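Quick notes on the structure that follows.
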Amino acid sequence: MAETTTMRVIPSGKIYRQMFDAQVQLNKSLTAVPKRPKSPSTRQSVSATNSVPLVRLNTDETKHGVLTERQQTWVNGFPNEPHIENPVLYRQYADYMSRKLRSQEALVYDEEVQALPDIVVPTKKGSDIIDRIASSRKERHEAAVEDMQQEFNVISSNFEPCITEASESILNQLESDDEELTELLNQISTDEDLIGLELYELERIWEEVQSHSPSRQGWILQLDQTLKTLEDNRTQQIRSVFEVYSDKLEKIAHLLAPDLQKYLDKEAQNMNKVMLSNRRAFADLFVRLMSADIEREKTQYALWKRRKEDWSALKTKKYVDEFKVFMKSEEVTKPEGVDTVLENMLEDQQTLNIKRLDLVQSLVDMKPPMSTKTSVFKWNQTMKSLSQEIETINQKHLSKLHEEYELICQTCIDRMNKVKERLINEGVCTPVKSQSVVDIQMLPLVGEQQKTFEENLEVMENALETHGLTMTTDIKSLFKFSQGAAHVWDVHEIGLAKQERALQEKLENCRQEHDSKNQETEAMLDNIMDKMRQDGNEQNLATSLVKSLEMLERIRLSYEVFHQKQTDIVKTYPEMVTSELSNYDDSVCKFFLVDRIHPDDRPESVDSEGRNSQASVSSQEEKKKERKKKRRASRVKDMSEMRILLNYFGCSL
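No gaps in the numbering here: position 430 of the sequence shown is 430 in full-length UniProt numbering, and each next residue is one more.
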């Protein structure tokens with residue numbers, strides 16, 4: 001019969017359940033491995049396990065695997081579980097029962113031996129060669145099968161320490177690498193250490209952390225390759241054992257060839273299941289280790305990313321706080337340039353104010369006959385020019401203050417732009433984020449400071465404007481008051497001029513009257529003198545002489561009368577001047593609201609005088625008095641304003 005190649009096919013059925021159980025067992029075994037470095041004692045124990053003599057187990061004990069169901073329960077269970085049997089107590093109890101059974105079997109064997117007859121009579125009913133051959137084949141078949149199972153167990157026992165050693169090696173490597181990664185990440189664990197780093201140092205830390213990933217993945221790949229190599233070697237050894245024992249079982253020929261092939265196929269399928277389960281477990285271990293390492297790198301990157309964001313926030317807060325301190329410094333709140341401008345402005349104002357005070361003081365020296373409207377007008381023009389000069393100086397210094405404040409604001413903006421550039425250049429944040437930080441946290445501070453500067457300028461401008469208007473009003477009132485005083489003097493001068501003209505008119509009328517009479521007398525004298533020239537006798541001459549002498553006497557008397565009249569007229573002039581002086585005195589007293597008799601007493605209220613006289617005067621007189629009261633009230637107001645202004649300028653009237 002031709003030989004055919006045996007096909008090993010894995011049937012579908014319970015293989016998935018077995019693979020799942022194997023994965024669970026491998027997972028628990030890997031989880032239970034203690035994380036400690038390998039010591040020499042461990043190597044000695046491993047080498048000692050390799051030197052353990054071969055243990056022969058029968059087929060019944062190994063048909064369900066190397067471990068029994070009870071042992072599998074122990075392996076799958078966790079320590080100190082109440083419903084799991086204690087293997088130590090079980091072993092002690094098993095040893096005790098084994099010793100007890102051995103002692104009983106020895107007694108039974110002794111009794112059987114004693115019961116044997118002394119002489120054995122052989123009896124032979126027929127030949128049992130076939131039974132003995134079959135029994136021998138069966139025994140040899142079972143022994144071969146048992147040896148094959150034992151070989152499989154030995155192969156597994158030989159490879160288990162290698163797998164354990166490779167697993168412990170990668171665990172130690174990963175633990176050591178985890179410690180190095182922890183030390184690297186501890187450099188950014190606290191905010192104090194974090195804020196002292198630069199961006200390139202943060203990136204260098206992550207590059208160092210990331211540089212460990214290829215090594216770790218290389219170790220995992222190396223472990224996977226090692227496990228695959230071990231599994232390939234074990235597969236090769238199992239294949240060799242199958243080949244050896246397949247030939248051996250065929251030679252024993254306990255089973256028919258088809259049955260033997262079925263048995264071998266079944267055993268091969270079971271071994272295939274175990275090997276596939278192992279490979280599946282190794283692949284799952286590789287995937288889990290790679291996934292765990294990727295997850296570890298992802299977690300560490302998230303931590304590094306979060307700490308980088310914290311670093312950005314800390315750096316941003318640091319620079320913003322420095323900018324706030326700068327905005328609160330005297331360089332911004334009390335700049336030297338502004339103080340210099342204010343000092344210069346004060347000096348110029350004091351200089352011009354002294355000139356203005358001197359000009360106001362000059363009013364005291366403006367006495368009659370110098371206190372004319374022309375001189376007052378010139379004084380007002382000079383005061384306006386001086387006030388205009390003061391206003392020009394104020395505007396000039398205000399412009400300088402504007403420039404100084406704008407320079408300070410520009411300095412703040414430049415400082416803000418430097419902070420923005422620093423945030424961008426140091427990689428603290430992006431240009432958009434830095435612009436947002438500037439707009440939200442820095443620009444409002446500059447705006448508030450600029451608003452403060454504008455308010456200061458506005459207050460100063462309003463104060464100067466109010467002061468200028470007040471000075472203009474006061475100077476105008478002083479000008480009006482001075483004009484009033486000059487008007488009083490002008491009225492007095494006009495009155496004196498009128499009196500002088502009246503005196504001239506009286507003298508002229510007296511002279512004209514005298515001249516007309518004197519001309520008649522002189523004409524008569526001329527006629528007499530002409531007649532004397534024509535008279536030829538002495539008597540006529542004597543008569544003409546007497547008449548001429550009479551005429552001359554008349555002329556003399558008329559001149560004496562004319563002189564006396566003019567003297568009388570001139571004698572009335574002092575009274576006229578005195579009257580004008582009296583009127584001028586009354587006008588001055590009324591204008592300045594003083595009493596000649598009691599100069600320190602204030603005049604009574606105009607309203608009370610109006611009320612006292614209202615009952616005894618007519619409506620026309622009341623209207624006149626009302627007009628007088630208004631004029632006097634206006635004068636009182638002008639006088640009060642004059643006094644206020646003089647007190648303001650430090651002068652007295």
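For each residue, glycine too, the CB sits at the ideal point set by N, CA and C.
None of these values were measured; they are calculated from a predicted model.
Boundaries of the alpha helix (DSSP H) around Val459: 443-534. Met383 places its beta carbon less than 8 Å from that of Ile475.
Taking C-beta separations shorter than 8 Å and ignoring five residues to either side along the sequence, the partners of Met290 in its chain run Gln217, Ile220, following chain order. Residue state for Cys162 is assigned as helix, using DSSP reduced to three classes. Using a 10 angstroms sphere on the CB of Asn394, the tally of other CB atoms reaches 16 or more, which defines it as buried. Per DSSP, reduced to three states, the secondary structure at Met370 is coil, with no helix or strand assignment.
Inclusion of Leu185 and Val209 in the CB contact set at 8 Å is warranted, their separation being smaller than that value.
With respect to Ser516, Lys531 sits apart: the two C-beta atoms are not nearer than 8 Å. Boundaries of the alpha helix (DSSP H) around Asp358: 336-365. The continuous alpha helix (DSSP H) containing Gly218 extends over residues 199-252. In its chain, beyond the 5 residues on either side, Ala144 have a beta carbon closer than 8 Å to the beta carbon of Lys248. Scanning its chain for C-beta atoms nearer than 8 Å, with the 5 sequence neighbours on each side dropped, one finds around Gln300 the residues Leu181, Leu185, Val209, in chain order.
The region 307-316 makes contact with the region 189-198: 3 or more CB pairs, one atom from each, lie closer than 8 Å. Sequence-distant partners of Leu264 (beyond 5 residues in either direction) whose C-beta falls short of 8 Å from its own C-beta, in its chain, are Thr6, Phe242, Ser246, Leu249. In this structure, DSSP gives Ser329 a state outside helix and strand, which the three-state scheme calls coil.
If you draw a straight line from the Cα of Met97 to the Cα of Asn86, it is about 17 Å long.
Per the coordinates, the alpha-carbon of Met576 lies some 21 Å from the alpha-carbon of Lys590. Between Asp490 and Lys378, the C-beta gap is not smaller than 8 Å, which leaves the two residues out of contact. With a contact defined as Cβ atoms closer than 8 Å, Gly484 and Glu580 miss out at about 19 Å. Distance from the Cα of Glu391 is smallest, within the candidate group Phe562, Asp259, Lys451, Thr470, for Thr470. Cys589 carries a helical assignment under DSSP once its states are collapsed to helix, strand and coil. Comparing C-alpha distances from Arg91 to each of Thr572, Arg556, Gly77, Gln71 shows the shortest one belongs to Gln71. For His83, the three-state secondary structure derived from DSSP is coil. In this structure, Gly337 keeps its C-beta atom at 8 Å or more from the C-beta atom of Glu421. Residue burial annotation: Leu401 is buried, with at least 16 other C-beta atoms found within 10 angstroms of its C-beta. Apart from sequence neighbours up to five positions away, the residues of its chain that approach Val588 with a beta-carbon distance below 7 Å are Val488, ordered along the chain. Taken atom to atom, the span from the alpha-carbon of Val432 to that of Glu406 is near 27 Å. Val325 sits exposed, since fewer than 16 C-beta atoms from the chains shown fall within 10 Å of its C-beta.
Straight across, the Cα-Cα distance linking Val75 with Thr68 is about 10 Å. In this structure, DSSP gives Asp568 a helical state, which the three-state scheme calls helix.
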